[in-house]
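**Student:** Have a look at the structure that comes next, please.
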Amino acid sequence: MSRRIPRGLNAAATATAAALTLVALTGPASASGSGSAPAAALPQARIFMVNPVQSSGDQTLADAKDAADAVPASAYTTAALRNLDASGRLSGRWVYVRSDTGASANPADATVYNRTDDQFEQVMAYFWVNEAQEYLQGLGFGTELPGANDRAQPVRINQWGADNSFFSDKKTEIRFGKGGVDDAEDAEVIVHEYGHAVHNAQVPGFGTSPEAGAIGEAFGDYLAVEVGAHADAAYGWPRRADLACVADWDAASYSDAPHCLRRIDGNKVYADLEGEVHADGEIWSRALFDIRNALGARTADRIIVNAQFGFAPDTSFKDAALTTVSTAQRMYGANAADAVRAAFKARQIPGIQ
Ligand SMILES: [Ca+2]
Ligand SMILES: [Ca+2]
Ligand SMILES: [Ca+2]
Ligand SMILES: [Zn+2]
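Following this line, the structure appears as structure tokens:
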């Protein structure tokens, strides 16, 4: 299932991020900044702050055939690699690199890689899949609520020549392509693909109808924006691109500026369905974005992800919307259900009044 992702945010999200950071700091084997678990003891890694176009606002950045000097040093930051096991490889509680084209990254050397090194994409994939699952854990999935892909996710790096990445539900692994900008150089591409893995873990085989497929693409885009926004707030990284723009960096190779693979704040409605899952996903992702803007990221995402456990593999927009409304009602009551209903009604989803 192809490509990538978007998203956006604010004050409510900042508060949420602070709460989630507390969870991370007190959780097992985590911690990134203070408290008794010494962050300095964790391997540090050089990564992009979501992606270099988003963090810099420089829409002129270009791949230049994977050249190291195509992206300035200021686009990188250093952050801890959490939840690694003792193997000495990029292998941990929520993600492991199954294979790659070049030499395997050594976590102890992860501060020296740059985008021209094969190991950089391995480190990015490890960091951002871990970050995404930590975000879900912080929402309560895996503790208060059922786990949502709370296992070690296998990923393969740069082994797909096309400019595309995909999640294989047969092998339940993610493969990142290397066409244009290497796909795993953009956190929003990584988390989009992880969104498919989450959906498949929640409902095995999810996405067998065109509308279910579109919901899968929409959730991947939305989750990418959410995880990136949460990380920006938690780490204090700059965001100098539109929150609703997905894959600002990967899209530099194939879109006009401002570069977006897709957006999650478009105005498509149900009648705009065209039978292509990525295009049609923009109907659903706008509804998710509206729910978030109405209820705040944390409440919205607890509802959105929890509702997905109840989607049929071949669900329609109508049934999935009704399930999401009823989930909001059950978890948070009538006002939340009304906000969710309004978001789907605005997309003119059938059966939503
Ligand atoms: Ca690269
Ligand atoms: Ca690419
Ligand atoms: Ca973005
Ligand atoms: Zn996809």
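Residues -31 to -1, 1 to 322 in mature numbering (1 follows the signal peptide of the UniProt record, and there is no 0) are what the sequence shown spells out, letter by letter.
We put the beta carbon where it would ideally sit given N, CA and C, even for glycine.
Owing to the predicted nature of the structure, the values given are computational and were not obtained by experimental measurement.
Helix, strand or coil: how does DSSP classify Q322 here?
**Tutor:** Here Q322 sits in coil by DSSP.
**Student:** Which one or two residues does DSSP pair with residue 326 in a beta bridge?
**Tutor:** With the chain covering only -31 through 322, there is no way to say anything about residue 326.
**Student:** Would P123 be called buried (16 or more neighbouring beta carbons within 10 Å of its own) or exposed?
**Tutor:** Classification of P123: buried, given that the 10 Å Cβ count is 16 or more.
**Student:** If you drop the 5 nearest sequence neighbours on each side, which residues of the same chain put their C-beta closer than 6 angstroms to that of G279?
**Tutor:** Taken in chain order, the residues that qualify are T292.
**Student:** Taking only three categories from DSSP, how would you classify V246?
**Tutor:** In the structure shown, V246 sits in a helix (DSSP, three-state: H, G or I).
**Student:** Could you work out which residue in I273, Q277, P282 is closest to A305 when comparing CA atoms only?
**Tutor:** Of the candidates I273, Q277, P282, the one whose C-alpha sits nearest the C-alpha of A305 is I273.
**Student:** Relative to the C-alpha of residue 384, which candidate in T112, N169, A315, V158 has its C-alpha closest?
**Tutor:** Missing from the structure shown is residue 384; the chain here goes from -31 to 322 and no further.
**Student:** Cα-Cα, which of E142, V194, Q91 is closest to D270?
**Tutor:** Per the Cα distances, V194.
**Student:** Between the beta-carbon of R217 and the beta-carbon of V92, is there less than 8 angstroms?
**Tutor:** Looking at the sequence provided, one finds Asp at residue 217 rather than Arg. Going by C-beta atoms, D217 is not nearer than 8 angstroms to V92.
**Student:** Whole angstroms is fine: what's the gap from N20's alpha carbon to P41's?
**Tutor:** So the alpha carbons of these two residues sit roughly 12 angstroms apart.
**Student:** How many whole angstroms separate the CB atoms of A187 and S254, which I take to be in contact at a CB cut-off of 8 angstroms?
**Tutor:** So it is a contact: roughly 4 angstroms between Cβ atoms.
**Student:** Is any heavy atom in ligand 1 found nearer than 7 angstroms to the beta carbon of R84?
**Tutor:** Result yes, Cβ under 7 angstroms from ligand 1.
**Student:** DSSP state of G2, grouped into three classes?
**Tutor:** Low per-residue confidence applies at G2: pLDDT is 40, beneath 50, and the placement is therefore not dependable enough to give any value.
**Student:** Which full runs of the beta strand (DSSP E) of 3+ residues lie inside the region 117 to 165, going along the chain?
**Tutor:** Runs found: 122 to 129, 135 to 137, 142 to 146.
**Student:** Would you say the beta carbon of V215 is closer than 7 angstroms to some non-hydrogen atom of ligand 3?
**Tutor:** Yes.
**Student:** Taking Cβ positions, are L50 and R267 nearer each other than 8 angstroms?
**Tutor:** No, they are not a contact pair.
**Student:** Should D302 be listed as close to ligand 4, given that the test is whether its C-beta is under 7 angstroms from any heavy atom?
**Tutor:** Correcting the residue identity first, residue 302 is Gly in this sequence and not Asp. Incorrect: G302 has no Cβ contact closer than 7 angstroms to ligand 4.
**Student:** Would you call V167 buried or exposed, if buried means 16 or more other Cβ atoms sit within 10 Å of its Cβ?
**Tutor:** By the 10 Å Cβ count, V167 comes out buried.
**Student:** K147 and N127: beta carbons closer than 8 angstroms?
**Tutor:** Cβ distance < 8 angstroms, so K147 and N127 count as in contact.
**Student:** Does the beta-carbon of E90 have 16 or more other beta-carbons within 10 angstroms, so that it is buried, or is it exposed?
**Tutor:** Its Cβ being crowded by 16 or more others within 10 Å, E90 is buried.
**Student:** In terms of alpha-carbon separation, which member of R299, A44, D138, Q277 lies closest to residue 323?
**Tutor:** Lying outside -31 to 322, the shown extent of the chain, residue 323 is not represented and no answer is given.
**Student:** With which residues is D69 paired in a DSSP beta bridge?
**Tutor:** BP columns for D69 point to I126.
**Student:** Anyone know if the C-beta pair for D87 and A72 falls short of 8 angstroms?
**Tutor:** Yes, these two residues count as a Cβ contact at 8 angstroms.
**Student:** Checking the sheet assignment: what are the DSSP bridge partners for A13?
**Tutor:** First, the residue type needs correcting, since residue 13 is Gln and not Ala in the sequence shown. DSSP output for Q13 lists A49 as bridge partner(s).
**Student:** On a Cα-Cα basis, can you pick out the residue from I318, D35, I16 that is closest to Y45?
**Tutor:** Minimum Cα distance to Y45 is reached at I16.
**Student:** I'd like the list of long-range same chain contacts for D152, defined as Cβ closer than 7 angstroms, with 5 residues on each side in sequence excluded.
**Tutor:** Counting only Cβ-Cβ distances below 7 angstroms, and skipping sequence neighbours, we find S134, F145, G146, V158, D219.
**Student:** Kindly list the residues whose CB is nearer than 8 angstroms to the CB of K314, restricted to its own chain and excluding five residues on each side of it in sequence; keep chain order.
**Tutor:** These residues qualify, in order along the chain: I321, Q322.
**Student:** For Y65 and P179, I'd like the C-alpha separation in whole angstroms.
**Tutor:** The straight-line gap from Cα to Cα measures roughly 31 angstroms.
**Student:** Cutting at 7 angstroms between CB atoms, please list the residues of its own chain near H228, excluding the five before and the five after it.
**Tutor:** Here the set comprises V22, Q28, D217, A220, A221.
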